[in-house]
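Heads up, the thing below is written out as structure tokens.
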Amino acid sequence: MAPNDDGFKNFVLDQLGDLQGVTCRAMFGGYGLSQRETFFGIIHKGRLYFKVTPATVSLYKEQGMKPFRPNAKQTLKSFYEVPVDVLEDREQLTAWGTEAVSNMQARGG
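At position 45 of the sequence shown the residue is numbered 62 (the numbering used here), and the sequence of numbers has no breaks.
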């Protein structure tokens, strides 16, 4: 884990404070985010990634965001990096987080 991951994790959790029931646990060399039992986000190496669908991925791609790559050989195209301006806007981040939770619930995740 990157040395600043704990501080970044705490920042993300604070920003997502209005999204009720969010928990965080160590995974993927970073952290996984869940709302109640729904896994919807990843914190890895100082970056936040949310679950996307074919309908929502364009929001991320339009801002130049990339899919989650835990290592050089693996890419998870169902999780994309959250843009910095969204991350820094608590209200907007909550909306994007809510959408990511809905994306996982829609697929039974």
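Using N, Cα and C, we set each Cβ at its ideal position, and we do this for glycine too. Every value quoted in this text rests on a predicted model; they were computed, and no experiment measured them.
What residues in its chain sit with their C-beta under 7 Å from that of residue i, if we drop five residues either side in the sequence?
i: Lys26; result: Cys41, Tyr48 and Ile60
i: Arg29; result: A small fix is needed here, since residue 29 is Val in this sequence, not Arg. Within the same chain, Val29 has close Cβ partners Ile60 and Leu65.
How is the beta strand (DSSP E) around residue i delimited, first residue to last?
i: Phe172; result: The shown model of the chain, from 18 to 126, leaves out residue 172, and the question about it has no answer.
i: Gln91; result: Gln91 to Glu98
i: Val39; result: Val39 to Met44
i: Arg55; result: Note on identity: in this sequence residue 55 is Thr, with Arg being the wrong assignment. Taken as a continuous stretch (DSSP letters only), the beta strand (DSSP E) holding Thr55 covers Thr55 to His61.
Do you know how far the Cα of residue j is from the Cα of residue i?
i: Leu110; j: Ala123; result: 20 Å
i: Phe96; j: Phe85; result: 6 Å
i: Ser51; j: Val39; result: 5 Å
i: Glu105; j: Met44; result: 24 Å
i: Gln37; j: Gln91; result: 31 Å
i: Val99; j: Asp35; result: 17 Å
i: Gly63; j: Asp22; result: 6 Å
i: Ala117; j: Pro87; result: 19 Å
i: Ser75; j: Gln32; result: 23 Å
How many whole angstroms separate the CB atoms of residue i and residue j, which I take to be in contact at a CB cut-off of 8 Å?
i: Gly58; j: Lys68; result: 7 Å
With DSSP as the reference, identify every bridge partner of residue i, one or two as the case may be.
i: Lys68; result: Phe96
i: Tyr48; result: Ala43 and Ile60
i: Pro84; result: Tyr97
Specify, as a first and last residue, the run of the alpha helix (DSSP H) that residue i falls within.
i: Gln109; result: Arg107 to Ala123
i: Leu36; result: Looking at the DSSP string, Leu36 is not in any alpha helix (DSSP H), and its letter there is neither H nor E.
Leaving out five residues on either side along the sequence, give the residues of the same chain with a beta carbon under 8 Å from the beta carbon of residue i.
i: Pro20; result: With a pLDDT of 46 at Pro20, under the threshold of 50, the modelled position of that residue is not reliable, and the figure given next carries that caveat. Closer than 8 Å at the Cβ level, and outside the excluded window around Pro20, lies no residue.
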